[in-house]
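Taking UniProt numbering, the leading residue of the sequence shown gets 1, the next gets one more, and so forth. Just so it is clear, CB atoms sit at the ideal spot from N, CA and C, and this is done for glycine as well.
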Amino acid sequence: MLQHPQARCAGASPHLSWGEAQSMPEVIEEPKIDLHLSGTLAGSHAFAMTTVADDVMDAARWAQTGPDLSVVVGDPGIGKTEALRRYTLDAPNAWIATMSAEGEKPLAALEEICGVLGVTPAGSPSAVRRIIIRRVRDTGGCILIDEAQHLSTEALDTLRTIHDDAGIGLVLCGNARLWERVCLLSQLRSRVGRRVTLGKPGRQDVGVLASALGVEGRGEIDFLYTISQHPGGLRCVVKTVRLAVAYAGGDASLITKQHLGVAWANLSMGDVS
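See the structure below:
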């Protein structure tokens with residue numbers, strides 16, 4: 001069971017009036033979710049063409065058409081990854097590779113790229129780099145690197161040589177630390193043809209996403225906008241709506257600020273300010 005949000009935190013959300021907060025049920029039953037049907041919940045397959053998504057995809061198009069190098073920088077949870085994934089669905093010969101802290105060295109990064117290209121890495125980093133170049137040269141393609149902030153400067157420079165030698169587009173996408181690392185490499189920095197810096201989600205983006213999730217009420221969208229300004233951005237919005245829909249019996253059209261308030265209080269451990 002989940003408690004009324006006011007039982008979990010000092011104050012109600014600024015978007016819930018005192019009367020509304022008081023009218024919320026003191027206890028809401030935790031919904032029993034059929035895992036076989038969980039894919040039908042709001043947000044499972046929703047994609048919203050927000051301004052963030054449009055900016056990210058435009059940077060990718062620029063890189064692939066050039067071919068050129070684009071750098072996309074923004075906080076976690078604002079929709080960068082979903083936009084990159086969507087781009088690869090629509091564009092021919094576009095591949096997305098996601099880096100991790102374990103893959104900061106050149107060989108690990110190259111192996112990750114080989115995985116999405118469907119080729120087998122073998123030998124030294126230089127040998128694997130040549131395998132990748134042979135695979136992508138003359139394809140008019142684009143390699144999109146997500147979570148690129150994890151890459152060392154050495155790994156970033158290795159990717160720069162693939163961009164140069166294969167003549168394909170390259171997109172580096174990550175948080176602010178990525179741009180700091182790019183600026184440490186003059187050869188890489190001078191090749192950047194498009195830089196996109198993304199801020200916090202705007203009300204328009206929250207409205208577009210909410211609509212894609214089946215939420216249309218103005219009060220509910222205002223509440224979701226407040227949530228979007230927290231760390232995690234639009235990702236928090238999606239997770240809150242999904243949980244709220246479960247509380248509303250699986251119908252997004254029935255959710256209210258009360259459902260959203262309880263869902264957010266559960267996800268944020270009571271931080272609804």
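Discussion item. Under 8 Å: do the segment 99 to 119 and the segment 152 to 159 share three or more Cβ pairs, one atom per stretch?
Written reply: yes
Discussion item. In the DSSP output, what is Ala265 paired with across the bridge?
Written reply: Position 265 of the sequence shown, counted from the first residue, corresponds to residue 265. DSSP, once it has assigned bridges, lists no residue as partnering Ala265.
Discussion item. By the three-class DSSP mapping on this structure, what secondary structure does Asp164 have?
Written reply: Mapped onto the sequence shown, residue 164 falls at position 164. Looking at Asp164 - three-state DSSP - the assignment turns out to be helix.
Fill in: Unbroken beta strand (DSSP E) run spanning Ile143, endpoints
Looking up residue 143 in the sequence shown gives position 143. First-last of the beta strand (DSSP E) with Ile143: Cys142 to Asp146.
Discussion item. Need the endpoints of the alpha helix (DSSP H) that His209 sits in, please.
Written reply: If you number the sequence shown from 1, residue 209 lands on position 209. Note that residue 209 corresponds to Leu in the displayed sequence, not to His. Run containing Leu209: Arg203 to Ala212, per the alpha helix (DSSP H) assignment.
Discussion item. Is the beta carbon of Ala46 closer than 9 Å to that of Leu209?
Written reply: Working through the sequence shown from its first residue, we reach residue 209 at position 209. Working through the sequence shown from its first residue, we reach residue 46 at position 46. For Leu209 and Ala46, yes; Cβs fall inside 9 Å.
Worksheet entry | Pro231 vs Gly169 beta-carbon contact at 9 Å | By 1-based counting over the sequence shown, the position of residue 231 is 231. By 1-based counting over the sequence shown, the position of residue 169 is 169. No.
Discussion item. If I measure Cβ to Cβ from Tyr225 and keep anything under 6 Å in the same chain, skipping five residues before and after, which residues do I get?
Written reply: Counted from its first residue, the sequence shown places residue 225 at position 225. Excluding positions up to five away in sequence, the list reads Arg203 and Val206.
Worksheet item: Should Cys173 be labelled buried (16 or more other beta-carbon atoms within 10 Å of its own) or exposed?
Response: Here residue 173 is taken as the residue at index 173 of the sequence shown, counted from 1. With at least 16 other beta carbons inside 10 angstroms of its own, Cys173 counts as buried.
Worksheet item: To the nearest angstrom, how far is it from the Cα of Arg162 to the Cα of Ala212?
Response: Along the sequence shown, one-based indexing puts residue 162 at 162. Along the sequence shown, one-based indexing puts residue 212 at 212. The sequence shown places Ile at residue 162, rather than the Arg named in the question. Their Cα atoms are separated by approximately 38 Å.
Item to complete: Tell me Gly174's beta-bridge partners as DSSP assigns them.
Response: The count along the sequence shown starts at 1 and reaches residue 174 at position 174. In the DSSP output, where bridge partners are listed per residue, Gly174 has Val73.
Item to complete: Could you say which of Thr88, Asp165, Leu184 and Ala148 lies nearest to Cys142 if we only look at CA atoms?
Response: Start at 1 with the first residue of the sequence shown, and residue 142 comes out as number 142. Ranking the options by Cα distance to Cys142, first place goes to Thr88.
Fill in: Between the CA atoms of Arg218 and Ser23 - distance to the nearest angstrom
In the sequence shown, the residue the question calls residue 23 occupies position 23. In the sequence shown, the residue the question calls residue 218 occupies position 218. Residue placement at Ser23 is poorly supported in this model, since its pLDDT is 44, which falls under 50; the coordinates are not used for a value here.
Worksheet item: Three or more C-beta pairs closer than 8 Å, one from the segment 70 to 87 and one from the segment 115 to 126: is that the case here?
Response: no
Worksheet item: Just reading off the alpha helix (DSSP H) that Arg86 is part of, what are its end residues?
Response: Within the sequence shown, residue 86 is the residue found at index 86, counting from 1. Taken as a continuous stretch (DSSP letters only), the alpha helix (DSSP H) holding Arg86 covers Lys80 to Asp90.
Practice prompt. Check the C-beta distance from Val73 over to Val171 and give it rounded, since I have them as a contact under 8 Å.
Written response: Along the sequence shown, one-based indexing puts residue 73 at 73. Along the sequence shown, one-based indexing puts residue 171 at 171. That pair is no contact at about 12 Å.
Worksheet entry | Coarse secondary structure for Gly115, derived from DSSP in three states | For the purposes of this step, residue 115 is taken as the residue at position 115 of the sequence shown. Looking at Gly115 - three-state DSSP - the assignment turns out to be helix.
Discussion item. Could you tell me the alpha carbon to alpha carbon distance between Cys183 and Gly140, rounded to whole angstroms?
Written reply: The residue given as residue 183 occupies position 183 in the sequence shown. The residue given as residue 140 occupies position 140 in the sequence shown. Approximately 27 Å, taken between the alpha carbons.
Discussion item. So, under 8 Å CB-CB, Ala244 and Leu260 are touching, yes? Tell me the CB distance rounded to an integer number of Å.
Written reply: For the purposes of this step, residue 244 is identified with residue 244 of the sequence shown, where counting begins at 1. For the purposes of this step, residue 260 is identified with residue 260 of the sequence shown, where counting begins at 1. About 5 Å separates the two Cβ atoms, so the contact holds.
Worksheet item: Exposed or buried, Ala59, counting other C-beta atoms within 10 Å across all chains shown (16 or more means buried)?
Response: Position 59 of the sequence shown, counting from 1, holds the residue named residue 59. Here Ala59 is buried, its C-beta having at least 16 other C-beta atoms within 10 Å.
Worksheet item: In chain order, what residues of the same chain have a beta carbon less than 7 Å from the beta carbon of Ser100, not counting five sequence neighbours either side?
Response: Stepping through the sequence shown from its first residue, residue 100 is reached at position 100. If we look at Ser100 and ignore the five residues flanking it on each side, its Cβ neighbours are Glu147 and His150.
Practice prompt. For Thr98, collect the residues of the same chain with a Cβ closer than 6 Å to its Cβ; drop the 5 residues on either side in sequence, then sort them by chain order.
Written response: Counting from 1 along the sequence shown, the entry for residue 98 is found at position 98. The answer, listed in chain order, is Asp146 and Glu147.
Discussion item. Relative to the C-alpha of Leu254, which candidate in Leu159, Arg189 and Glu220 has its C-alpha closest?
Written reply: On the sequence shown, position 254 is the one that residue 254 refers to. Of Leu159, Arg189 and Glu220, the residue nearest in Cα terms is Glu220.
Worksheet item: DSSP state of Ile227, grouped into three classes?
Response: Looking up residue 227 in the sequence shown gives position 227. Note: Ile227 maps to helix in three-state DSSP.
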